[in-house]
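Enquirer:
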Amino acid sequence: MGRLLLWASTVLIPLTALIFLIRWRIRTMAERYRRIPDRFPSSKGILMFLLPLPVLFAAVASLARGNLAGLFDNTVCYGLFLGGALLLRRGLRTEAEYDRRRVAKAPWPLKTFGGSLIALATGLTAWSGAHYHPVMAVAFALAALLGCHLTYGFDPRGAKRFTDSEGVDTTDRVLEALAQAETSISAIEQATRNIGNAELNSRLRRIAAQARQILTMLEEDPRDLRRARKFLNVYLDGAKQVTEGYAKTHGRVTAPELEDNFRRVLTTIEEVFAEQQQKLLETDVTDLDVQLEVLNTQLKREGVV
Amino acid sequence: MPDFLRKFIGLLLIFAAVGVASCQALLASCSPSATTISSMLTH
Numbered sequence: 465m466g467r468l469l470l471w472a473s474t475v476l477i478p479l480t481a482l483i484f485l486i487r488w489r490i491r492t493m494a495e496r497y498r499r500i501p502d503r504f505p506s507s508k509g510i511l512m513f514l515l516p517l518p519v520l521f522a523a524v525a526s527l528a529r530g531n532l533a534g535l536f537d538n539t540v541c542y543g544l545f546l547g548g549a550l551l552l553r554r555g556l557r558t559e560a561e562y563d564r565r566r567v568a569k570a571p572w573p574l575k576t577f578g579g580s581l582i583a584l585a586t587g588l589t590a591w592s593g594a595h596y597h598p599v600m601a602v603a604f605a606l607a608a609l610l611g612c613h614l615t616y617g618f619d620p621r622g623a624k625r626f627t628d629s630e631g632v633d634t635t636d637r638v639l640e641a642l643a644q645a646e647t648s649i650s651a652i653e654q655a656t657r658n659i660g661n662a663e664l665n666s667r668l669r670r671i672a673a674q675a676r677q678i679l680t681m682l683e684e685d686p687r688d689l690r691r692a693r694k695f696l697n698v699y700l701d702g703a704k705q706v707t708e709g710y711a712k713t714h715g716r717v718t719a720p721e722l723e724d725n726f727r728r729v730l731t732t733i734e735e736v737f738a739e740q741q742q743k744l745l746e747t748d749v750t751d752l753d754v755q756l757e758v759l760n761t762q763l764k765r766e767g768v769v
Numbered sequence: 004m005p006d007f008l009r010k011f012i013g014l015l016l017i018f019a020a021v022g023v024a025s026c027q028a029l030l031a032s033c034s035p036s037a038t039t040i041s042s043m044l045t046h
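Here the protein sequences line up with chains X and F, keeping their order. Position one of the first sequence corresponds to residue 465 (this note's numbering), numbered consecutively onward. Position one of the second sequence corresponds to residue 4 (this note's numbering), numbered consecutively onward.
#1: With a floor of 4 residues, list each alpha helix (DSSP H) that falls wholly inside the region 554-600 of chain X, ordered by position along the chain.
#2: If contact is defined by three or more beta carbon pairs under 8 Å, each pair taking one atom from either stretch, is the region 757-769 of chain X in contact with the region 594-608 of chain X?
#3: What does the Cβ neighbour count give for Val-754/X, buried or exposed, with the cut at 16 atoms within 10 Å?
#4: Per DSSP, what are the beta-bridge partners of Thr-627/X in this structure?
#5: Give me the chain F residues within the contact set of Leu-551/X, using Cβ-Cβ distance strictly less than 7 Å, ordered along the chain.
#6: What are the start and end residues of each continuous alpha helix (DSSP H) run of 4 or more residues lying completely inside the region 686-745 of chain X, in chain order?
#7: Using DSSP with H/G/I as helix, E/B as strand and the rest coil, what is Thr-764/X?
#8: With distances taken from CA atoms, which of Leu-574/X, Ala-643/X, Ala-605/X and Ala-651/X is nearest Ala-620/X?
#9: Does Arg-496/X get closer than 9 Å to chain F when you measure Cβ to Cβ?
#10: Please confirm whether Asn-538/X and Leu-520/X have their CB atoms less than 9 Å apart.
#11: Is the Cβ-Cβ distance between Gly-715/X and Asn-665/X less than 9 Å?
#12: Would you mind sorting Asp-633/X into buried or exposed? The rule is 16 or more other CB atoms within 10 Å of its CB.
#13: Output the distance between the C-alpha atoms of Gly-647/X and Glu-721/X, rounded to the nearest integer angstrom.
#14: Given a threshold of 16 other Cβ atoms within 10 Å of its Cβ, counted over all protein chains shown, does Gly-611/X qualify as buried or as exposed?
#15: Any beta-carbon of chain F closer than 9 Å to the one on Met-681/X?
#16: For Leu-614/X and chain F, any beta-carbon pair shorter than 9 Å?
#17: Does any residue of chain F bring its CB to less than 9 Å from the CB of Glu-544/X?
#18: Take the Cβ of Phe-545/X as the centre, count every other Cβ of all protein chains shown within 10 Å, and call the residue buried at 16 or more, exposed below.
#19: Can you find at least 3 beta carbon pairs, one from the region 678-692 of chain X and one from the region 603-610 of chain X, that sit closer than 8 Å?
#20: Just tell me which of Phe-577/X, Ala-590/X and Arg-637/X has its CA closest to the CA of Gly-617/X.
#21: Closest Cβ-Cβ distance between Thr-480/X and chain F: below 9 Å?
#22: Just confirm the distance between the C-beta atoms of Leu-668/X and Thr-656/X, as a whole number of angstroms; I'd bet it's less than 8 Å.
#23: How would you label Phe-536/X, buried or exposed, when you count the other beta carbons within 10 angstroms and need 16 or more for buried?
#24: Helix, strand or coil for Met-512/X per DSSP?
#25: Would Phe-536/X count as contacting chain F if we go by Cβ distances under 9 Å?
#26: Could you name the residues of chain F that Thr-713/X contacts, counting a contact when the two beta carbons are closer than 7 Å?
#27: So what's Met-4/F in DSSP terms, helix, strand or just coil?
#28: Would you say Tyr-699/X faces chain F, with C-beta separation under 9 Å as the test?
#29: What residues from chain F crowd round Asn-531/X, counting only those whose CB sits closer than 8 Å?
#30: Using only alpha-carbon positions, find the residue among Gln-27/F, Ser-34/F and Cys-33/F that is nearest to Leu-588/X.
#31: Of all the CB atoms in chain F, is at least one closer than 9 Å to the CB of Ser-526/X?
#32: Nearest by alpha-carbon distance to Ala-672/X: which of Ala-645/X, Gly-767/X and Pro-686/X is it?
#33: Using C-beta distances below 7 Å, list every residue in its chain close to Glu-708/X, excluding the 5 sequence neighbours before and after it, in chain order.
#34: Please report whether the beta-carbon of Thr-576/X lies at a distance below 9 Å from any beta-carbon of chain F.
Here is the structure:
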């Protein structure tokens with residue numbers, strides 16, 4: 465039985481690894497032909513949640529057999545695996561955010577922490593759960609650590625800095641403005657939950673989505689930040705204050721006028737946000753127009769056209 | 004090292020280390036006299 469399991473695992477492990485790799489390869493090839501998704505893919509890093517599941521079953525089996533030491537060992541090991549997998553996934557998400565932005569601080573090395581925790585859990589499982597010799601357990605841990613690093617890569621190092629047209633480093637200012645805007649949008653979404661009117665709620669959700677789209681545009685091109693200053697400092701902050709104020713008062717006071725006023729304000733905010741978005745898109749088009757014109761002139765001067 | 008090969012080796016190592024250790028732990032907890040890979044290899 466044991467020998468059969470050994471042979472089966474020798475065949476199955478490379479086969480499963482190959483299947484995972486081919487899936488990843490096909491996805492990478494397909495990504496060349498479509499836009500890079502904004503959202504973090506939900507299946508990335510999920511393998512590290514699935515592989516240690518037998519340790520959880522081992523804990524349950526130990527409980528059924530009344531083996532207290534086994535139950536304790538396996539539970540601790542599974543907890544470490546779970547913690548490592550969560551850290552690794554958070555690290556992958558942070559890395560995706562870092563890659564998407566043009567301005568970003570160096571993230572915490574969460575992938576390294578996660579990989580190390582998984583390696584520790586593997587070593588402990590091999591030693592206490594599977595009763596391997598401590599030297600072999602260390603070899604297991606090292607193999608897991610190396611595997612994590614080779615599969616998921618190292619954490620990004622160094623901040624992506626941004627300098628404005630005058631050559632001044634404005635990274636901190638840009639990041640602060642973006643973080644503040646994100647807080648305002650979250651506050652609007654939070655206040656929406658306290659408003660029991662379906663129509664107003666859907667309007668507020670639309671406003672939050674619009675604001676997020678503008679924020680994404682600003683993250684992708686921080687040069688727009690100067691043009692969107694009024695949006696960030698006046699409109700978004702105003703929208704947050706009005707929404708929070710309405711969420712607080714409408715439960716205590718029944719005033720149809722207040723609701724009508726709030727609806728009117730929301731309509732105006734929606735229009736202003738759409739206008740802002742359009743303005744940023746137009747700026748991008750103008751920038752592209754200028755670049756095309758410059759290139760065209762250069763080509764003419766070189767005698768190519 | 005090419006990206007493809009790096010990921011393949013990484014996945015192999017993860018499956019070999021985490022997969023084998025956890026399956027062995029399950030085997031060991033299911034039967035007290037269960038043979039581990041190391042004891043089988045010495046036979």
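Beta carbons: idealized from backbone N, C-alpha and C, even for Gly. Here the structure is a predicted model, which is why all the values come from computation and not from measurement.
Expert: Straight from the coordinates:
#1: 574-588
#2: no
#3: Working through the first sequence from its first residue, we reach residue 754/X at position 290. Counting Cβ neighbours within 10 Å, Val-754/X comes out exposed, since fewer than 16 surround it.
#4: Residue mapping note: residue 627/X aligns to position 163 of the first sequence, counting from 1. Bridge partners of Thr-627/X: Asp-633/X.
#5: Start at 1 with the first residue of the first sequence, and residue 551/X comes out as number 87. In chain order: nothing, as chain F lies at least about 15 Å away.
#6: 701-713
#7: Sequence index remark: in the first sequence, residue 764/X carries index 300 (1-based). In the sequence on display, residue 764/X carries Lys and not Thr. Helix, per DSSP.
#8: Along the first sequence, read from residue 1 onward, the residue named residue 620/X stands at position 156. It should be pointed out that residue 620/X corresponds to Pro in this sequence rather than to Ala. Of the listed residues, the one whose Cα sits closest to Pro-620/X is Leu-574/X.
#9: Walking along the first sequence from the start, residue 496/X turns up at place 32. With a pLDDT of 48 at Arg-496/X, under the threshold of 50, the modelled position of this residue cannot be trusted; read the value that follows with caution. Taking Cβ atoms only, chain F never reaches closer than 9 Å to Arg-496/X, which makes this a no.
#10: Here the question's residue 538/X lines up with position 74 in the first sequence. Here the question's residue 520/X lines up with position 56 in the first sequence. The answer is yes: Cβ separation under 9 Å.
#11: Position 251 of the first sequence holds residue 715/X. Position 201 of the first sequence holds residue 665/X. No.
#12: Counting from one through the first sequence, the residue named residue 633/X turns up at place 169. So Asp-633/X counts as exposed.
#13: As a working mapping, residue 647/X is identified with position 183 in the first sequence. As a working mapping, residue 721/X is identified with position 257 in the first sequence. As written in the sequence, residue 647/X is Thr, which differs from the Gly given in the question. If I take the Cα positions, the gap works out to 29 Å.
#14: Start at 1 with the first residue of the first sequence, and residue 611/X comes out as number 147. Flag for Gly-611/X reads buried.
#15: Translated into the one-based positions of the first sequence, residue 681/X becomes position 217. Met-681/X does not count as touching chain F.
#16: For this step, residue 614/X is matched to residue 150 along the first sequence. Yes, Leu-614/X lies at the interface with chain F (some Cβ there is under 9 Å from its Cβ).
#17: To locate residue 544/X, count along the first sequence from 1; it is residue 80. A small fix is needed here, since residue 544/X is Leu in this sequence, not Glu. False, the Cβ-Cβ gap to chain F never drops below 9 Å.
#18: Position 81 of the first sequence, counted from the start, is the residue given in the question as residue 545/X. Per the 10 Å Cβ criterion, buried.
#19: Result no; under three Cβ-Cβ pairs closer than 8 Å.
#20: As a position in the first sequence, residue 617/X is number 153, starting the count at 1. Taking only the C-alpha atoms, the option nearest Gly-617/X is Phe-577/X.
#21: Here the question's residue 480/X lines up with position 16 in the first sequence. It does: the Cβ of Thr-480/X has a partner Cβ on chain F nearer than 9 Å.
#22: Here residue 668/X is taken as the residue at index 204 of the first sequence, counted from 1. Here residue 656/X is taken as the residue at index 192 of the first sequence, counted from 1. 4 Å between Cβ atoms; contact.
#23: Locating residue 536/X in the first sequence gives position 72, counting from the first residue. It is exposed - the Cβ of Phe-536/X has fewer than 16 other Cβ atoms within 10 Å.
#24: Along the first sequence, read from residue 1 onward, the residue named residue 512/X stands at position 48. Here Met-512/X sits in helix by DSSP.
#25: On the first sequence, residue 536/X is found 72 positions in, with the first residue counted as 1. No, because no Cβ of chain F sits closer than 9 Å to the Cβ of Phe-536/X.
#26: Taking the first residue of the first sequence as position 1, residue 713/X is located at position 249. Simply none; closest approach about 55 Å.
#27: As a working mapping, residue 4/F is identified with position 1 in the second sequence. The answer is coil: DSSP assigns Met-4/F none of H, G, I, E or B.
#28: By 1-based counting over the first sequence, the position of residue 699/X is 235. No, Tyr-699/X lies away from the interface with chain F (no Cβ there is under 9 Å from its Cβ).
#29: Here residue 531/X refers to the residue found at position 67 of the first sequence. Under the 8 Å cutoff, chain F gives Ser-32.
#30: For the purposes of this step, residue 588/X is identified with residue 124 of the first sequence, where counting begins at 1. Proximity to Leu-588/X across Gln-27/F, Ser-34/F and Cys-33/F peaks at Gln-27/F, based on C-alpha coordinates.
#31: Looking up residue 526/X in the first sequence gives position 62. Ser-526/X counts as touching chain F.
#32: Residue 672/X sits at position 208 when you count from the first residue of the first sequence. The shortest Cα separation from Ala-672/X among Ala-645/X, Gly-767/X and Pro-686/X belongs to Ala-645/X.
#33: Stepping through the first sequence from its first residue, residue 708/X is reached at position 244. These residues qualify, in order along the chain: Ala-651 and Ala-655.
#34: Within the first sequence, residue 576/X is the residue found at index 112, counting from 1. Taking Cβ atoms only, chain F never reaches closer than 9 Å to Thr-576/X, which makes this a no.
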